[in-house]
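Chemist: Can you read through this structure? Questions will come right after.
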């Protein structure tokens, strides 16, 4: 520590007056005794403070290495070491081209995501829905028709054929009079038709054939109207059935017309031969009705089996595999309709909305990165160092400049045993080599709540007063003096005048000789000592207690 450094609140005044007394000559002194030249001072009232000194360091209150948030090449560097900056001032600018392109890409991505979401919310096109609905109805109609089986009239006809074959078999096995009579009647009818061919048709037969033609034509016209009404909705199974019925009705017309033509046409040799064959067949059937053969019975049984198969086929004209295929096609068409009318689920919409939010976030990040190419000062301060140059590549791990704040603190370490002497708000004085003999006031701002385990000290931070502003600089060594106690307006003498020991004393002058004056002392500082008792205000004493002994001859120096 440097004892020459004083605090501003130490001794406010030390009045030292040199009193030249005329040298008195003791008559009894030996002419050979040597006199010691001394300076004297008077006891005055002043302020005395008890202090303890610590060595510390001046530090900036905040110091930061400014690094970019994004990597890039330095395009502009606008400050140099020593430059004053304010928060928000532009320090440097990085290349913006890559980040500007990223912003455009993010804007395009956001636009695409929004367009997709809008399309999903608007739903499908109406023309697509109409077409798919028609296909679904047609597929379901085909499936229902296939599941419903054959047409009622076809099933009824097949069932009637089966009943007829069963009756025939029963008639063969159990000839009944009515069966025999029917066979005889058939024989008579066949004979009558043969005779009619030979003789020619009767007038009532011709009229009956004409009535049959009219009825057949009326039925054909009704079937045609039904076909046109059903098929007007497009191809379907009912339409196919209506077409078949119309064709069958038209065939009945042709048959009735051919019947009339055959009835009125002259009998030909072929017709007569057919009629004779019919008579022979009827005669044979009449004989079988009376006495059937085993062959006739077996043939009738086979006819029953064939008729039963015909009924089963009429009831379900399609195989089970075909029915399943038709039903599957209908289900697929209806599923396509549902997908077309509601092509997107809630989950799809949620994902599309999330995609929009993600694209928005990507755009904000790209814009933020573009803004970060302009690097600004986060605090007010001074540029203490510059580590980058124009054209250099920097990254978030590369400092560009170091900025220190104008606010400074002085930090020092206090030993564990001395912590009781410091307190927050306590006044201190600070001195630096750069300003010798000048002390700056300050106050303790922070005392560390922990003890360093190695040095067993605690860090203390002092905030200098306004007198230190612009003079103390970060990195300076400083001497910090703590004022432990202070008294104002007490009797005090220069510290050099005090003779320490078991019995403190000062030296005075009496009759040209040094005399010892015992005193009781109080506080001490770098220059003064408080006198509790032993001296009076204005009393003259020797200012510097050199190696004098009581009784030594002294001469008060002129100009004291």
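In this note's numbering, the protein residues as written are 165 to 724. By construction, the Cβ of each residue, glycine as well, lies at the ideal position given by its N, Cα and C atoms. As the structure is a computational prediction, the values presented were derived from the model and not from experiment.
Does the distance from the C-beta atom of residue 548 to that of residue 568 stay below 8 Å?
Modeler: yes
Chemist: If residue 541 sits next to residue 249, beta carbons under 8 Å apart, how far is it from one beta carbon to the other, in whole angstroms?
Modeler: 4 Å
Chemist: For residue 367, count neighbouring C-beta atoms within 10 Å of its own C-beta (all shown protein chains included) and say buried if the count is 16 or more, exposed if not.
Modeler: exposed
Chemist: Between residue 215 and the rest of its own chain, which residues show a CB-CB distance below 7 Å, the 5 nearest in sequence each way excluded?
Modeler: 171, 645, 646, 647, 648 and 689
Chemist: Using 10 angstroms around the beta-carbon of residue 711, count the other beta-carbons present and answer buried if the total reaches 16, otherwise exposed.
Modeler: exposed
Chemist: In this structure, how does DSSP classify residue 613 when only helix, strand and coil are distinguished?
Modeler: Residue 613: coil per DSSP, three-state reduction.
Chemist: What is the rounded straight-line gap between the Cα of residue 192 and the Cα of residue 653?
Modeler: Unreliable positioning characterises residue 192 in this predicted model, as indicated by a pLDDT of 41, which lies under 50. The coordinate reading is nonetheless provided below. C-alpha separation (whole angstroms): 43 Å.
Chemist: Can you name, in chain order, every residue of its own chain whose Cβ lies under 8 Å from the Cβ of residue 391, other than the five neighbours on each side?
Modeler: 403, 406, 407, 409 and 410
Chemist: Within 10 Å of its beta-carbon, does residue 281 have 16 or more other beta-carbons around it, so buried, or fewer, so exposed?
Modeler: buried
Chemist: Expressed to the nearest angstrom, what Euclidean distance is found between the alpha-carbon atoms of residue 337 and residue 468?
Modeler: 14 Å
Chemist: Would you say the segment 545-564 touches the segment 220-238, given that touching needs at least three Cβ pairs under 8 Å?
Modeler: yes
Chemist: Could you name the residues of the same chain whose beta carbon sits closer than 7 Å to that of residue 414, not counting the 5 residues immediately before and after it, in chain order?
Modeler: 384
Chemist: Taking buried to mean at least 16 other C-beta atoms within 10 Å of its own C-beta, is residue 604 buried or exposed?
Modeler: With 16 or more Cβ atoms within 10 Å of its Cβ, residue 604 is classed as buried.
Chemist: For residue 641, which residues does DSSP report across the bridge?
Modeler: 221
Chemist: With DSSP run on the structure shown, which of helix, strand or coil describes residue 680?
Modeler: strand
Chemist: Name the two residues that bound the continuous beta strand (DSSP E) containing residue 575.
Modeler: 572-579
Chemist: Here's the rule: buried if 16 or more other CB atoms are within 10 angstroms of the residue's CB, otherwise exposed. What is residue 418?
Modeler: exposed
Chemist: Bridge partners of residue 204, per DSSP?
Modeler: 706
Chemist: Tell me the DSSP secondary structure of residue 655 in three-state form.
Modeler: strand
Chemist: What is the rounded straight-line gap between the Cα of residue 564 and the Cα of residue 223?
Modeler: 21 Å
Chemist: For the pair the segment 434-447 and the segment 288-297, tell me if three or more CB-CB distances fall below 8 Å.
Modeler: no
Chemist: Please report the Cβ distance between residue 577 and residue 532, rounded to the nearest whole angstrom; I am assuming they are in contact, meaning their Cβ atoms lie under 8 Å.
Modeler: About 43 Å separates the two Cβ atoms, so there is no contact after all.
Chemist: Would you please state the rounded distance, in angstroms, between the beta carbons of residue 708 and residue 661? I believe it to be under 8 Å.
Modeler: 7 Å
Chemist: For a test of the three-state rule: what should DSSP assign to residue 508, helix, strand or coil?
Modeler: coil
Chemist: How many Å lie between residue 186 and residue 686 at the Cα?
Modeler: Note that residue 186 scores a pLDDT of 39, beneath 50, so its modelled location is shaky and nothing firm can be said.
Chemist: So is residue 211 buried or exposed if we call it buried at 16+ other beta carbons inside 10 Å?
Modeler: buried
Chemist: Is residue 694 buried or exposed, if buried means 16 or more other CB atoms sit within 10 Å of its CB?
Modeler: When all chains shown are included, residue 694 counts as buried.
Chemist: Could you tell me if residue 123 is buried or exposed, where buried requires 16 or more neighbouring beta carbons within 10 angstroms of its beta carbon?
Modeler: For residue 123 there is no data in the structure shown, the boundaries of the chain being 165 and 724.
Chemist: Specify the secondary structure class of residue 290 as computed by DSSP and reduced to three states.
Modeler: helix
Chemist: Where does residue 345 fall in DSSP's three states?
Modeler: helix
Chemist: So, helix, strand or coil for residue 411, using DSSP?
Modeler: helix
Chemist: What separation, rounded to the nearest whole angstrom, lies between the Cα atoms of residue 674 and residue 691?
Modeler: 26 Å
Chemist: Give the DSSP-derived three-state secondary structure of residue 209 in the structure shown.
Modeler: Here residue 209 sits in strand by DSSP.
Chemist: Tell whether a beta-carbon distance below 8 Å holds between residue 555 and residue 238.
Modeler: Going by C-beta atoms, residue 555 is nearer than 8 Å to residue 238.
Chemist: In this structure, does DSSP put residue 267 in helix, strand or coil?
Modeler: helix
Chemist: By Cβ distance, which residues of its chain are closer than 6 Å to residue 721, with the 5 residues on each side in sequence left out?
Modeler: 201 and 203
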